[in-house]
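Contents: one structure, followed by commentary.
Residue numbers (this note's numbering): 21 to 258.
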């Protein structure tokens, strides 16, 4: 990460994601220069969707396994294929290992046998799939509690802080409340998602991956916005 966000020439080469009292979370190098080069495709798929390494140990937070468990079999296979296609790039600096000073569960749930994606289209259902398992927008934009995102009571209400070279950014309220997206039209929401630009022209902060979201098809973006419009109104929790 640099002051403006991800350094794309070092894409997926790893970084320290968070270093706080409960844990130090390190995103490892996912190119063939990293340790996953020795993992099978099945190993890699299980690590992405269930958070389990080949040796049976659990990958800790903040990787959003509650969302990734909903990835379809086809989309998961495509992600593995993409990671296999990356050139080997060494990390910018030696990476420490993750360290958790909180108890981790034995697993994030039972084994995932098979998942199908909803039909692609401009529907709230497909938008929920894109904003959830695929882009995990709802993980970052849901109010955090002691056990993680409070998806049952504060889905999309925002408030989570992200610290980096840019300073501190706070995940916005994405619900249909006046504190959220109620006052924005669809074009304004689309510009915020894909360009990181507010209606007044000011730039939004990292780490939201605007460059990646710019690759949404028009229909995919419309589906995501339709889904966000369907979220029950919840006021800011600050």
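Glycine included, every Cβ here is placed at the ideal spot set by N, Cα and C. All values derive from a computational prediction rather than experimental measurement.
Simplified DSSP assignment, three categories, for residue 153: For this step, residue 153 is matched to residue 133 along the chain shown. If DSSP states are grouped into helix, strand and coil, residue 153 belongs with the helices.
Pick from 92, 200, 180, 218 that is closest to residue 139, judged by C-alpha positions: For the purposes of this step, residue 139 is identified with residue 119 of the chain shown, where counting begins at 1. Residue 139 has its Cα closest to that of 92, out of 92, 200, 180, 218.
Cβ pair count under 8 Å reaching 3, the stretch 110-123 against the stretch 37-51: yes
Residue environment, residue 187, which counts as buried when at least 16 other CB atoms sit within 10 Å: Here the question's residue 187 lines up with position 167 in the chain shown. Result: exposed.
Cross-strand partners of residue 38 (DSSP beta bridge): As a working note, residue 38 is residue 18 in the chain shown. DSSP, once it has assigned bridges, lists 45 as partnering residue 38.
Residue 117, buried or exposed, once every other Cβ within 10 Å from all chains shown has been counted against 16: By one-based count along the chain shown, residue 117 stands at place 97. Looking at its Cβ environment, which holds fewer than 16 other Cβ atoms inside 10 Å, residue 117 is exposed.
Euclidean distance between Cα positions of residue 230 and residue 130: The sequence position of residue 230 within the chain shown is 210, counting from 1. The sequence position of residue 130 within the chain shown is 110, counting from 1. Taking the straight line joining both Cα atoms gives about 33 Å.
Beta-carbon gap between residue 257 and residue 137 smaller than 8 Å: Indexing the chain shown from 1 puts residue 257 at position 237. Indexing the chain shown from 1 puts residue 137 at position 117. No, the pair does not count as a contact, with Cβ atoms beyond the cut-off.
Within 8 Å, strictly: CB atoms of residue 50 and residue 103: Taking the first residue of the chain shown as 1, we reach residue 50 at position 30. Taking the first residue of the chain shown as 1, we reach residue 103 at position 83. Contact flag set, yes.
Residue span of the alpha helix (DSSP H) that contains residue 232, given as start and end: Position 212 of the chain shown holds residue 232. Start and end: 230-233.
Cβ contact check for the stretch 23-34 and the stretch 59-77: 3 or more pairs under 8 Å: no
Residue 296 - containing alpha helix (DSSP H), residue span: This structure does not reach residue 296, given that the chain is present from 21 up to 258, and the question cannot be answered.
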